[in-house]
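Asks: Quick note, the sequence shown lines up with residues 113 to 297 if you use the numbering used here.
Cβ atoms here follow ideal geometry from the backbone N, Cα and C, with glycine treated the same way.
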Amino acid sequence: MTVEHDSSLDDTEVKRGVRRCLASLLARWRSIVATGVVVAAVGVTAGLFFTMYRPDQQVGDAAARQVIQAASDGAVAVLSYSPDNLDRDIAKAKSYLTGDFLAYYTKFSEQIAAMALQKRVTQTAKVIRAAVSELHPDSAVVLVFVNQTATSKDKPQPQTTATIAQVTVTKVQDSWLISKLNPLS
Numbered sequence: 113m114t115v116e117h118d119s120s121l122d123d124t125e126v127k128r129g130v131r132r133c134l135a136s137l138l139a140r141w142r143s144i145v146a147t148g149v150v151v152a153a154v155g156v157t158a159g160l161f162f163t164m165y166r167p168d169q170q171v172g173d174a175a176a177r178q179v180i181q182a183a184s185d186g187a188v189a190v191l192s193y194s195p196d197n198l199d200r201d202i203a204k205a206k207s208y209l210t211g212d213f214l215a216y217y218t219k220f221s222e223q224i225a226a227m228a229l230q231k232r233v234t235q236t237a238k239v240i241r242a243a244v245s246e247l248h249p250d251s252a253v254v255l256v257f258v259n260q261t262a263t264s265k266d267k268p269q270p271q272t273t274a275t276i277a278q279v280t281v282t283k284v285q286d287s288w289l290i291s292k293l294n295p296l297s
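Next comes the structure, spelled out in structure tokens:
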């Protein structure tokens, strides 16, 4: 009987050991699962932020104001020049431009420079009103209403004309630069 009694004690100890081991594993798995759930929740929250909230910020009111300011300042720089400060005016205008429009303006400004120097043409632009037509996180289209005043050696009396321009701006390294400027009137 003692042999049977000893084996039943061993079985009880083995069962207790197995239970302790299972309890320990279960406790570890609970903490692993809990950690996984927390990591997944943080991941989902970050994903929602970058896919839903962040793009909204990039096309919100602040972005619209930046786009309007960039389009207005750039349009004034492109449409204003004076024979006395021609190189500076052209360099300033180029600082607002990007892409194909920058290349186009570089060629076009050579023609303007020759004419402005020869005929002493001064062109001044003033934005009267501007509004966003389209706004995306990396580009926008702005309608800019501009009054332009021109004088020259032949016509010293200022002549003012109203122009509407469709200005496309593109975000380049956190700055909005003009990539197209199309006169509509």
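Taking only runs of the alpha helix (DSSP H) that begin and end inside the region 206 to 293, which ones reach a length of at least 4 residues, in chain order?
Replies: Those alpha helix (DSSP H) runs which fall completely within the region 206 to 293 and span 4+ residues are 211 to 231.
Asks: With a Cβ-Cβ cutoff of 8 Å, do L191 and Q269 count as a contact?
Replies: For L191 and Q269, no; Cβs fall outside 8 Å.
Asks: Please classify G159: is it buried, with 16 or more other beta-carbons within 10 angstroms of its beta-carbon, or exposed?
Replies: Burial call: exposed.
Asks: Just to confirm my understanding: we take T275, look at its own chain, exclude 5 residues before and 5 after, and list those with CB closer than 7 Å. What are they?
Replies: Cβ within range, chain order: V258, Q260, P295, S297.
Asks: Taking its Cβ as the centre, do 16 or more other Cβ atoms sit within 10 Å of I290, making it buried, or is it exposed?
Replies: So I290 ends up on the buried side.
Asks: What does the Cβ neighbour count give for V149, buried or exposed, with the cut at 16 atoms within 10 Å?
Replies: Looking at its Cβ environment, which holds fewer than 16 other Cβ atoms inside 10 Å, V149 is exposed.
Asks: Look at the alpha carbon of D266 and the alpha carbon of A237, and state the distance between them as a whole number of angstroms.
Replies: So the alpha carbons of these two residues sit roughly 20 Å apart.
Asks: So, do the region 207 to 222 and the region 245 to 255 have three or more beta carbon pairs nearer to each other than 8 Å?
Replies: No contact exists between the region 207 to 222 and the region 245 to 255.
Asks: Are A262 and Q235 closer than 8 Å when you measure CB to CB?
Replies: Result yes, Cβ atoms of A262 and Q235 sit closer than 8 Å.
Asks: When we look at the beta-carbon of W141 and count the other beta-carbons within 10 Å, is it buried (16 or more) or exposed?
Replies: W141 comes out exposed.
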